[in-house]
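There are 2 protein chains.
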Amino acid sequence: MEEETLVTSSDIRDLVEAGDLDGAAARLAAVHPADGADVLVHVDRDARVALIDRVPREPMARIIEYLPDERRPEILEDIEPGALAELLDEIDDDIVADILHQFPAQRAAQILGSMKRAAAVAPLLRHADETAGGHMTRAFISLHGDWSVDRAIQYLRRVRPDADTAYYLYVVDHIGRLEGIVSLRDLIIAPPDARLSDIMSHEVVSARDDMDQEQMARLVQRYDLVAVPVVDADNRLVGVITVDDVLDVVEEEATEDIYKLAGIGVKARALSPLTDSLRRRLPWLAVNGAVALIAAFVVSRFESTIAQVAALAVFMPVIAGQGGNAGVQTATIIVRALALEEINLRDIFRVLGKEIALGVVKGVLFGSALGVIAYLWQGNGTFAIIVASAMFLNMIVASLSGVLVPMTLRYVFKLDPATAAGVFDTMITDIMGFFIFLGLATLMLDRLQ
Amino acid sequence: MEEETLVTSSDIRDLVEAGDLDGAAARLAAVHPADGADVLVHVDRDARVALIDRVPREPMARIIEYLPDERRPEILEDIEPGALAELLDEIDDDIVADILHQFPAQRAAQILGSMKRAAAVAPLLRHADETAGGHMTRAFISLHGDWSVDRAIQYLRRVRPDADTAYYLYVVDHIGRLEGIVSLRDLIIAPPDARLSDIMSHEVVSARDDMDQEQMARLVQRYDLVAVPVVDADNRLVGVITVDDVLDVVEEEATEDIYKLAGIGVKARALSPLTDSLRRRLPWLAVNGAVALIAAFVVSRFESTIAQVAALAVFMPVIAGQGGNAGVQTATIIVRALALEEINLRDIFRVLGKEIALGVVKGVLFGSALGVIAYLWQGNGTFAIIVASAMFLNMIVASLSGVLVPMTLRYVFKLDPATAAGVFDTMITDIMGFFIFLGLATLMLDRLQ
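Here you go:
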């Protein structure tokens, strides 16, 4: 199946490259919009503008719905506001809100002003993009608890709700406060004269509209939901989030974690424009450079030791590098466990104890191995012991920093624990590794020559 | 809401720590099973055994359903096979299959033999754990296309299907081949005398039972599905995957990507036992160590140069480290883009061109900055030019290796592109960085003293 869809979008790209834009546009309008979106993401700008121009409004609107969030602003940039407003009028309101959030305020206002459905979309724009409110749709069905099952079914037949939001009916009181939910399955198997309040489930998991999207995703995942109702501060039902949006959030948050660990701005993508990529990668690279200079400064304090025993320079990168790697491994596991809420502050001593124990084992293993290699290579026992001790100690440093850096970022600075945790850990193991190794060598210098 | 649930599980942990196991067990049986699972994950083994013993079978079975996959074997280990079989008889068959997959074959067979529902679960065990077949449930509703809507509704009222699998009805022919799907929403709004074949959707996205779970998850995500039917090689419907399983897969695959980049075994977790963690982290750490020795060997070739100009040792870690960081940034973006199918082999030259351009910009920026610093620090123009050139060239190396390492892992070796991409990239930038820097210094040695 997946193979087939890749073939579909590849076919259309072939047509584009052969210059047959009309043929490509005709196929684009006919295939599944997810495949159409895939094509628009991959062709170059000129071809994209030409294709968007040729695809009729209805299929084009579907394709826009399936475009990846972070590429939409760039892809929609070339459509003039009036035409874009007409397209957006055909699109689910939560996606329209997403799109308008990403545009500069002036352009967003201009487009919203030209939309027929401006009144439905405008309330969604009050919510920040990365909150539950920013992901919800207002196309939900809410009914009163004193309605009968039969009346509810007649109502559904009349309004014919959207296929992708109708898994549940929401029962609300006279001022719109959420009281319970009824799944379509419950509705079908209930006696026609039962009241909704009798068959509804009272145990409703809901999200507040200002809840962070990561928390919201964790809620859906924790309780295995298919849709989650969104309520305001007064428990009034204001929208519904469907699980397909949650899937996107989970993936987006995972990507963010991965990127942050490597010190990359979160919206970076392989195919995004060059200046964008620079802006997203340079800052942490500059921090890393500054940090490397601190490490260089530490090394420079020991220049005369190195001048006398140049073999130290041979083992410096091994001790620092191995420590850095172990630290990043530990930090990665801690960051992920914090993100998935597998651990919290309460577990710090348990986790720290485990990682230090691991550090001792790794330190003994790699320390003694490296000591043996150093002895065979340089034939100096003191040199070998210094190498082994520095390797051992840097492994303990790696365990400590691997746990404490993400925990400190999270619980002291209230930041995302992934924030450049890799950069900080490498910094600590580099600096401490050089200091321990060259420091020990300087203390024992007379035995090394 | 999330805060509340954390409070719930924290409360119960307080009771456990206060020694009130009966009180804790009573609350455990009463709270949402997701919260109960959270408690079992966090308490120590003795308390866990005592709690499992005290919670009645029905709520205990629900809690087991919500335990995180990778912690289940360890948590269920202490339950004797007969009691475990009774618990598993109450659990969704796809989860039972998951659990049995994770046990040693002999224990799995023993438990399956004691289960009443062995016949329903056994067929699922044929499928590998990480395929669509390994995630599907067999609790789906399939009907024939010539049934009327009314007859289908009567049927649903009689069988009262599980709430969490009943979003769609699947229409099959006389030998069980999938012909179409009908959502409950379609069923409710259709005229009672319509035939299912008239109202069903023919455009069915399905997964083959042997499809890899990552591909399957991508399918669900690409087409925004809530449940995906699973078919065998003859297009016969054999199961259904619900989106909550897909969410778990997306998260699991993201975690795998993160871990692989850092060179960690994929099932590692912050709270998993020590020996487990060692087994999962040592291999790549050992590879990293071996690689570091290659870098050390390169440095050792230039020992006499370093003995004469010890300041080289000061700038070595900056040039290698900055290159490593830039390489990991690039590799991370490429790995994620490959995983999310944002790019494929077809895009290689476009991506490579962009990354080289980025490398030139970064090389000029950091090369000239580091050159100026080197000049101010050492007061030697030739030294400064060597530092700047080495930094510039290593940035280009980082761009090349950042793109080519994951691409090679994927398209030449057919491996997951994340497989230790970070380790390989650091290796290449370390070795090349040292070689370029110390090589240039050796060529110009007479101007450095």
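Just so you know, the protein sequences line up as chains A and B, in that order.
For the first sequence, the working numbering gives the first residue as 244, with consecutive numbering after it.
For the second sequence, the working numbering gives the first residue as 244, with consecutive numbering after it.
Note that CB positions come from ideal geometry on N, CA and C, so glycine has one too.
Exercise for review: Name the two residues that bound the continuous alpha helix (DSSP H) containing Ile-586/B.
Suggested key: Per DSSP, Ile-586/B belongs to no alpha helix (DSSP H) and is neither H nor E.
Review point. Which residues in the same chain as Thr-625/B place their Cβ atom closer than 7 Å to its Cβ, once the five residues preceding and following it in sequence are excluded?
Key: Taken in chain order, the residues that qualify are Met-687, Arg-690 and Leu-691.
Check your understanding: Near Asp-393/B, what residues of its chain come up, given a Cβ to Cβ distance below 7 Å and the 5 sequence neighbours on each side ignored?
Key -> Cβ neighbours of Asp-393/B beyond the five flanking positions: Pro-435 and Asp-436.
Review point. Can you tell me whether Glu-246/B is buried or exposed, with buried defined as 16 or more other CB within 10 angstroms of its CB?
Key: With a pLDDT of 41 at Glu-246/B, under the threshold of 50, the modelled position of that residue is not reliable, and the figure given next carries that caveat. Glu-246/B sits exposed, since fewer than 16 C-beta atoms from the chains shown fall within 10 Å of its C-beta.
Check your understanding: In its own chain, which residues sit with a C-beta less than 7 Å from the C-beta of Glu-699/A, not counting the 5 before and 5 after it?
Key -> Shown here, chain A extends from 244 to 692; a query on residue 699/A therefore has no answer.
Exercise for review: Buried or exposed for Glu-446/B, please, with buried defined as at least 16 other CB atoms from any protein chain shown within 10 angstroms of its CB.
Suggested key: It is exposed - the Cβ of Glu-446/B has fewer than 16 other Cβ atoms within 10 Å.
Review point. For Ile-306/A, which residues from the same chain have a beta carbon less than 6 Å from its beta carbon, with the 5 sequence-adjacent residues on both sides left out?
Key: If we look at Ile-306/A and ignore the five residues flanking it on each side, its Cβ neighbours are Pro-276, Gly-279 and Ala-280.
Review point. With a Cβ-Cβ cutoff of 8 Å, do Met-650/A and Ile-591/A count as a contact?
Key: Result yes, Cβ atoms of Met-650/A and Ile-591/A sit closer than 8 Å.
**Study point:** Contacting positions in the stretch 357 to 379 of chain B - beta carbon closer than 9 Å to chain A
**Key:** Those would be none; no residue qualifies.
**Study point:** For Ala-450/A, the residue or residues it bridges with in DSSP
**Key:** Within the DSSP bridge table, the entry for Ala-450/A names Val-473/A as partners.
**Study point:** Below-8 Å beta-carbon distance, Asp-477/B vs any chain A residue
**Key:** Interface criterion not met: the Cβ of Asp-477/B is under 8 Å from no Cβ in chain A.
Exercise for review: Take Glu-320/A as the anchor and find which of Gly-356/A, Arg-522/A, Ile-562/A and Asp-296/A has the nearest alpha-carbon.
Suggested key: Ranking the options by Cα distance to Glu-320/A, first place goes to Asp-296/A.
Practice item. Put Ala-485/B into one of helix, strand or coil per three-state DSSP. Key: The displayed chain sequence assigns Thr, not Ala, to residue 485/B. In this structure, Thr-485/B counts as strand in the three-state DSSP scheme.
Practice item. Excluding the 5 residues preceding and the 5 following Ala-661/A in the sequence, name in chain order all residues of the same chain whose CB lies nearer than 6 Å to its CB. Key: Excluding sequence neighbours, Ala-661/A sits near Asp-500, Lys-503, Leu-504 and Val-578.
**Study point:** Within-8 Å CB hit, Ile-639/B to chain A
**Key:** No, Ile-639/B does not count as interfacial toward chain A.
Practice item. Go to Glu-329/B, then tell me how far its alpha helix (DSSP H) extends in each direction, as first and last residue. Key: First-last of the alpha helix (DSSP H) with Glu-329/B: 324 to 331.
Check your understanding: Around the Cβ of Gly-567/A, are there at least 16 other Cβ atoms within 10 angstroms (buried) or fewer (exposed)?
Key -> Buried, because 16 or more other Cβ atoms sit within 10 Å of the Cβ of Gly-567/A.
Check your understanding: So which residues of chain B does Pro-751/A contact, with C-beta pairs closer than 8 Å?
Key -> Since the first residue shown for chain A is 244 and the last is 692, residue 751/A is missing from the structure and cannot be characterised.
Point to revise | Selection from Ala-538/A, Asp-659/A, Gly-614/A and Ala-363/A that minimises the alpha carbon distance to Gln-458/A | key: Nearest Cα to Gln-458/A within the set Ala-538/A, Asp-659/A, Gly-614/A and Ala-363/A: Asp-659/A.
Check your understanding: Can you list, in chain order, the residues of its chain whose CB lies under 6 Å from that of Ile-562/B, leaving out five sequence neighbours each side?
Key -> Within the same chain, Ala-633, Met-634, Asn-637, Gly-676 and Phe-680 come within 6 Å of Ile-562/B by CB-CB distance, once the 5 residues on both sides are set aside.
Review point. Does the pairing of the stretch 335 to 345 of chain B with the stretch 367 to 375 of chain B give three or more beta-carbon distances under 8 Å?
Key: Short answer: they touch.
Point to revise | Contact under 8 Å by Cβ, Ile-396/B with Arg-400/A | key: No, the Cβ-Cβ distance between Ile-396/B and Arg-400/A is not below 8 Å.
Check your understanding: What is the residue span of the beta strand (DSSP E) that Leu-412/A lies within?
Key -> For Leu-412/A, the uninterrupted beta strand (DSSP E) run begins and ends at 411 to 415, by DSSP.
Review point. For the stretch 324 to 333 of chain B against the stretch 354 to 363 of chain B, are there 3 or more C-beta pairs whose distance is under 8 Å?
Key: A contact between stretches requires three or more CB pairs, one per stretch, nearer than 8 Å, and the stretch 324 to 333 of chain B meets this requirement with the stretch 354 to 363 of chain B.
Practice item. Give the residues from the stretch 626 to 656 of chain B that approach chain A closer than 8 Å (Cβ to any Cβ), ordered along the chain. Key: From the stretch 626 to 656 of chain B, no residue has a Cβ closer than 8 Å to chain A.
Practice item. Note down, in chain order, each residue of its chain lying with its Cβ closer than 8 Å to the Cβ of Ala-556/B, except the 5 sequence neighbours on either side. Key: Residues Ile-549 of the same chain have their beta carbon placed closer than 8 Å to that of Ala-556/B, with the five preceding and five following residues left out of the count.
**Study point:** Alpha-carbon to alpha-carbon, Val-648/B and Lys-605/A
**Key:** Approximately 27 Å between the Cα atoms of the pair.
Review point. The beta strand (DSSP E) spanning Ile-424/A covers which residue range?
Key: Taken as a continuous stretch (DSSP letters only), the beta strand (DSSP E) holding Ile-424/A covers 421 to 426.
Check your understanding: Can you find a CB in chain B that lies within less than 8 Å of the CB of Phe-609/A?
Key -> Residue contact with chain B for Phe-609/A: present (Cβ-Cβ distance below 8 Å to some residue of chain B).
Check your understanding: Using a beta-carbon distance below 8 Å, is Asp-467/B in contact with chain A?
Key -> By the rule that beta-carbons nearer than 8 Å mark a contact, Asp-467/B touches chain A.
Practice item. Keeping to the same chain, check which residues put their C-beta closer than 7 Å to that of Ile-674/B; ignore five residues upstream and five downstream. Key: Only Ile-537, Ala-538 and Val-541 meet the Cβ criterion.
**Study point:** Three CB pairs or more closer than 8 Å across the stretch 579 to 586 of chain B and the stretch 607 to 627 of chain B
**Key:** Inter-segment contact for the stretch 579 to 586 of chain B and the stretch 607 to 627 of chain B is absent: fewer than three beta-carbon pairs are separated by less than 8 Å.
Check your understanding: Quick one: what does DSSP say Arg-369/A is sitting in, helix, strand or coil?
Key -> In this structure, Arg-369/A counts as helix in the three-state DSSP scheme.
Check your understanding: Would you call the CB atoms of Gly-665/A and Ala-569/A closer than 8 Å?
Key -> For Gly-665/A and Ala-569/A, no; Cβs fall outside 8 Å.
Review point. His-387/A by DSSP, collapsed to three states: which one?
Key: Here DSSP, grouped into helix, strand and coil, assigns His-387/A to strand.
Check your understanding: When the Cα atoms are used, what is the spatial distance from Ala-460/B to Asp-668/A?
Key -> In a straight line, the C-alpha of Ala-460/B is about 33 Å away from that of Asp-668/A.
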